[in-house]
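Everything in the sequence shown is counted per our numbering, starting at 2 for the first residue and increasing by one. As structure tokens, the structure follows; a few thoughts come after it.
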Amino acid sequence: EKLAPQAAAEVLFSALRLMPLPQTALAVALRRQNIEHRKPDDKFDPKLNPARMALIKACLLRSPNKKETDTMTERLDPESKDCAYLCGQLFAVIGRLQLFALGKIGASLADRTYGGVATRPATTFGPVFTKLPPYIKKANTRFPGSGTNKQKEIESLCARVEKLGGIQKTHNLEEQGRFALGYYCQLAQYRTDRAEADAAEKAQELQEEAN
Numbered sequence: 002e003k004l005a006p007q008a009a010a011e012v013l014f015s016a017l018r019l020m021p022l023p024q025t026a027l028a029v030a031l032r033r034q035n036i037e038h039r040k041p042d043d044k045f046d047p048k049l050n051p052a053r054m055a056l057i058k059a060c061l062l063r064s065p066n067k068k069e070t071d072t073m074t075e076r077l078d079p080e081s082k083d084c085a086y087l088c089g090q091l092f093a094v095i096g097r098l099q100l101f102a103l104g105k106i107g108a109s110l111a112d113r114t115y116g117g118v119a120t121r122p123a124t125t126f127g128p129v130f131t132k133l134p135p136y137i138k139k140a141n142t143r144f145p146g147s148g149t150n151k152q153k154e155i156e157s158l159c160a161r162v163e164k165l166g167g168i169q170k171t172h173n174l175e176e177q178g179r180f181a182l183g184y185y186c187q188l189a190q191y192r193t194d195r196a197e198a199d200a201a202e203k204a205q206e207l208q209e210e211a212n
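Put into structure tokens, the structure is as follows:
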């Protein structure tokens with residue numbers, strides 16, 4: 002209900018004419034993505050809204066600024082060379098590490114810092130990284146080897162980001178879109194991995210029992 006009156010018409014017109022989608026559509030989708038928080042009784046992360054991700058992806062696919070490095074595959078791209086996309090992946094891995102370490106908590110890392118990491122990654126990732134050692138230790142205690150496995154994933158992604166010039170100070174709208182896709186695709190891959198999905202479910206059950 003807060004959309005600009007002409008937004009829907011502009012999107013429809015662009016789609017029918019095979020033209021770039023309006024930047025306002027991408028901006029609105031990303032604003033919703035950045036502020037959406039999980040409620041205590043939510044079964045699914047509201048940041049993983051398929052329709053919203055489809056709109057973000059469509060905006061990027063139609064963008065006149067689309068680069069060869071832009072990742073637009075249906076599933077997670079293990080060969081991506083886009084820094085923003087890789088940062089989204091990295092944030093998803095860190096979030097999964099937190100889940101293994103602490104279980105389902107009231108306000109997750111994504112709830113508290115997603116908007117900052119998506120828009121100002123260089124300054125926001127720093128405080129997040131300081132939490133990793135205790136998370137890794139706690140995850141290994143609860144699920145032997147899980148913390149170490151996530152540490153390896155994080156180190157691999159950090160190395161790939163470093164080769165591309167390191168974490169950027171800020172992300173523009175389209176980079177925020179690629180960040181969102183990297184985050185979404187990494188968590189989507191976790192859901193298709195039976196062992197990973199079982200471990201995540203067990204982590205949440207243990208936390209509920211502790212509560």
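Glycine residues also receive a C-beta, built at the ideal position from the N, C-alpha and C atoms. Keep in mind that this is a model prediction, so the values were computed, not measured.
Discussion item. Between the alpha carbons of Ser15 and Leu27, how many angstroms are there, rounded?
Written reply: 13 Å
Worksheet item: Under three-state DSSP, which class holds Asn50?
Response: coil
Item to complete: Quick one: residues in its chain with C-beta nearer than 7 Å to the C-beta of Leu258, no 5 flanking neighbours on either side, listed in chain order?
Response: In the structure as shown, the chain begins at 2 and stops at 212. Residue 258 is therefore absent and cannot be evaluated.
Item to complete: Counting only the same chain and skipping the five closest in sequence on each side, list residues whose C-beta sits under 7 Å from that of Ile168.
Response: Cys88, Pro122, Ala123, Phe126, Val162
Discussion item. Using 8 Å for Cβ pairs, my map puts Gly178 next to Cys60. What's the rounded Cβ distance?
Written reply: 6 Å
Practice prompt. Put Asn212 into one of helix, strand or coil per three-state DSSP.
Written response: Because Asn212 carries a pLDDT of 40, less than 50, the predicted location of this residue cannot be relied on, and no value is offered for it.
Worksheet entry | Three-state class that DSSP yields for Ile36 in the structure shown | helix
Worksheet item: Between the C-alpha atoms of Asp194 and Pro79, what's the straight-line distance to the nearest angstrom?
Response: 15 Å
Practice prompt. Specify, as a first and last residue, the run of the alpha helix (DSSP H) that Leu158 falls within.
Written response: 147-164
Discussion item. Less than 8 Å between the beta carbons of Ala108 and Lys48, yes or no?
Written reply: no
Discussion item. Taking 8 Å as the limit between beta carbons, can you name the residues of its chain near His38, skipping five residues before and five after?
Written reply: Pro47, Ala108, Asp112
Worksheet item: Does DSSP put Ala5 in a helix, in a strand, or in coil?
Response: coil
Worksheet item: Cα separation between Lys67 and Ala181?
Response: 16 Å
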